[in-house]
Amino acid sequence: MRRYLYTIVLTLLLGLVVAGAASAQQPTPSDDQVNAIAKQLYCPVCENIPLDVCPTTACAQWRELIRQKLADGWNEQQIKDYFVQQYGARVIGTPPPSGINWLVYLVPPVAILAGVYILYHAFRSWKRPLPEADVQPTNLEPPAEADTTQDEYIRRLEEEVRKG
Amino acid sequence: MSEIPTSPTEPSPQKASPQWGRIFAWVAIIALLVVVAMVLLRKQQGPVAVGQKVPTFTLTTFDGQQIGPEQMAGKVILLNFWASWCKPCEQEAADLEAVWRYYQPQGDVLFLGVAWTDTEKASLGYIDKFDITYPNGPDLGTSISQAYRTTGVPETYIIDKNGNLAYLKLSPFTSQAEIKAAIDPLLGP
Chain R
1 MRRYLYTIVL TLLLGLVVAG AASAQQPTPS DDQVNAIAKQ LYCPVCENIP LDVCPTTACA
61 QWRELIRQKL ADGWNEQQIK DYFVQQYGAR VIGTPPPSGI NWLVYLVPPV AILAGVYILY
121 HAFRSWKRPL PEADVQPTNL EPPAEADTTQ DEYIRRLEEE VRKG
Chain V
165 MSEIPTSPTE PSPQKASPQW GRIFAWVAII ALLVVVAMVL LRKQQGPVAV GQKVPTFTLT
225 TFDGQQIGPE QMAGKVILLN FWASWCKPCE QEAADLEAVW RYYQPQGDVL FLGVAWTDTE
285 KASLGYIDKF DITYPNGPDL GTSISQAYRT TGVPETYIID KNGNLAYLKL SPFTSQAEIK
345 AAIDPLLGP
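Same order as they appear, the protein sequences are chains R and V. Numbering follows the numbering used here, in which position 89 of the first sequence is assigned residue number 89; successive positions increment by one, without gaps. Numbering follows the numbering used here, in which position 85 of the second sequence is assigned residue number 249; successive positions increment by one, without gaps.
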C-alpha cells in the first residue's frame, strides 16, 4: 500500500515538473512580433528597404534571428543592440547620436532656426519706412515746360483714326 | 541742377559692428559642405586599389581565435568576403578550400574568410557544407568590409608579404588555377 502511495506521489511530482518546464518555455514569436522589430532595421544588402518587407534571403535569415532572440526571451532593445554590435550602426533607421552622426540631429533644427531668423529680419526690413535720405522726391505734376511733341503726335494720331 | 542724394557719410551702428552672426552662419555652411563633400568622396572611392597599403584589422573567428596583424606579418594573405546567402560565393568555396590545403603546409600563406552580414548559424552551416578549414569569422560591426570599402560579396583581396594589395577579385574565382596564379608570384624570396 505504501509503495503505491510513493508511486502516485512520485508521478504527481514528475507531472508538476514537466508542466512547469512547459509553461516556462517561451511560445514561438508571431510574425507580427518579429516584424515589429524588423521594420526598425535595415540590412546592408538591400539599402533603404526595411527588414520586415525585404524579400532577400539575407533578410529572411535576419528575421529568423529576431524570432530566435525573442524566443530566448530577449527584449526589443537587446535585439537592436545585438544587431548594431554584429552588423554596425547602419542597420538601425536612426543613427546613434555620436561622432559625425550628431550632424543629423543638429543641422535640421539649426537650419530651421536660421530660416526663421532670416524671415523675421526680411519682414522687418520690408515694413520699416525708408530713411529720408534714401527717399527720392516724386513729382507727379507735369513739368512746367512740357514736351509738346508727344501731345502733337497723339493729336495727329486721333485725327487719323477719326478720318479712317 | 539738383544734387544727387548720397548715403550718409557716418556709418550706421548696425553696419559698423562686426556681424558675427553672419560670419558664424557662413562658417557653419562651409563646414557642413566640406563634411558632405568628404563623405561623398569616400563613398566614391571604391575598394582599396592594387598597390595600396591595406587597412589592418583583427578577425575574431567563429571558434574565438583572434587573428591580427602579428599573425599576418610576413605572409601572403588571401582575404575572402562571403555570405551564406550568396550563391556566387558557393561557386568558389570548394576551390578556395582546395587551394588553402595546397598552400597550408608551407606556412607562408594565410587564408581568411570574413562572413559579411550573415547570421552565425547560417555561416557555420556554410562552413560545414563546404568543409572549410581555414580561419573564418564574422565581420563584427561590418568594420573590416568598411575599411576595405567592399561593394558586395564575393570579394577577394590578396595581400603581399609587405602588406600591400597585390590582387583584387570582385567576383568569384572560376578555378583553382586562377587562385594559384594570383598567389604564386607573391611567394618569391
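Cβ atoms here follow ideal geometry from the backbone N, Cα and C, with glycine treated the same way. This structure is a prediction, so every number in the text was calculated from the model and none was measured.
Local conformation of residue i per DSSP, three classes
| i | result |
| --- | --- |
| VAL317(V) | coil |
| PRO50(R) | strand |
| PRO349(V) | helix |
| VAL123(R) | Rather than Val, the amino acid found at residue 123(R) in this sequence is Phe. Correct three-state label for PHE123(R): helix. |
| GLY115(R) | helix |
| ALA22(R) | Because ALA22(R) carries a pLDDT of 48, less than 50, the predicted location of this residue cannot be relied on, and the following value inherits that uncertainty. ALA22(R): helix per DSSP, three-state reduction. |
| GLN230(V) | strand |
| ASN101(R) | helix |
| ILE154(R) | helix |
| ALA213(V) | coil |
| MET165(V) | Because MET165(V) sits at a pLDDT of 44, beneath the cut-off of 50, its placement in the model cannot be relied upon, and the following sentence gives the value as read from the coordinates. Here MET165(V) sits in coil by DSSP. |
| ASN244(V) | strand |
| GLY238(V) | coil |
| VAL278(V) | strand |
| ILE8(R) | helix |
| LYS224(V) | One point to set straight first is that residue 224(V) is Thr, not Lys, in the sequence displayed. Reduced to three states, the DSSP call for THR224(V) is strand. |
Short CB-CB distance (under 8 angstroms) between residue i and chain R
| i | result |
| --- | --- |
| VAL199(V) | yes |
| LEU334(V) | no |
| LEU223(V) | no |
| TRP301(V) | In the sequence on display, residue 301(V) carries Gly and not Trp. So, not an interface residue. |
| GLU254(V) | no |
| GLY305(V) | yes |
| TRP246(V) | no |
| THR281(V) | yes |
Buried versus exposed call for residue i [16 or more other C-beta atoms within 10 Å across all chains shown]
| i | result |
| --- | --- |
| LEU276(V) | buried |
| TRP280(V) | buried |
| GLN86(R) | buried |
Residue i at chain V interface by Cβ criterion, 8 angstroms
| i | result |
| --- | --- |
| VAL53(R) | no |
| TRP126(R) | no |
| LEU41(R) | no |
| ILE37(R) | no |
| LEU113(R) | no |
| LEU119(R) | no |
| TRP102(R) | no |
| ALA165(R) | This structure cannot speak to residue 165(R), because chain R is shown only from 1 to 164. |
Start-to-end residues for the beta strand (DSSP E) that takes in residue i
| i | result |
| --- | --- |
| PHE188(V) | First-last for PHE188(V): 184-208, but that is the alpha helix (DSSP H), not the beta strand (DSSP E). |
| PRO302(V) | 300-302 |
| ALA330(V) | 329-333 |
Alpha-carbon spacing of residue i relative to residue j, whole angstroms
| i | j | result |
| --- | --- | --- |
| VAL110(R) | LEU196(V) | 12 angstroms |
| ILE37(R) | THR225(V) | 28 angstroms |
| THR94(R) | TRP184(V) | 33 angstroms |
| GLN209(V) | ASN35(R) | 35 angstroms |
Where the alpha helix (DSSP H) through residue i begins and ends
| i | result |
| --- | --- |
| PRO219(V) | No alpha helix (DSSP H) holds PRO219(V); DSSP gives it neither H nor E. |
| GLY289(V) | 284-293 |
| VAL84(R) | 76-87 |
| LEU260(V) | 251-267 |
| GLN310(V) | 307-312 |
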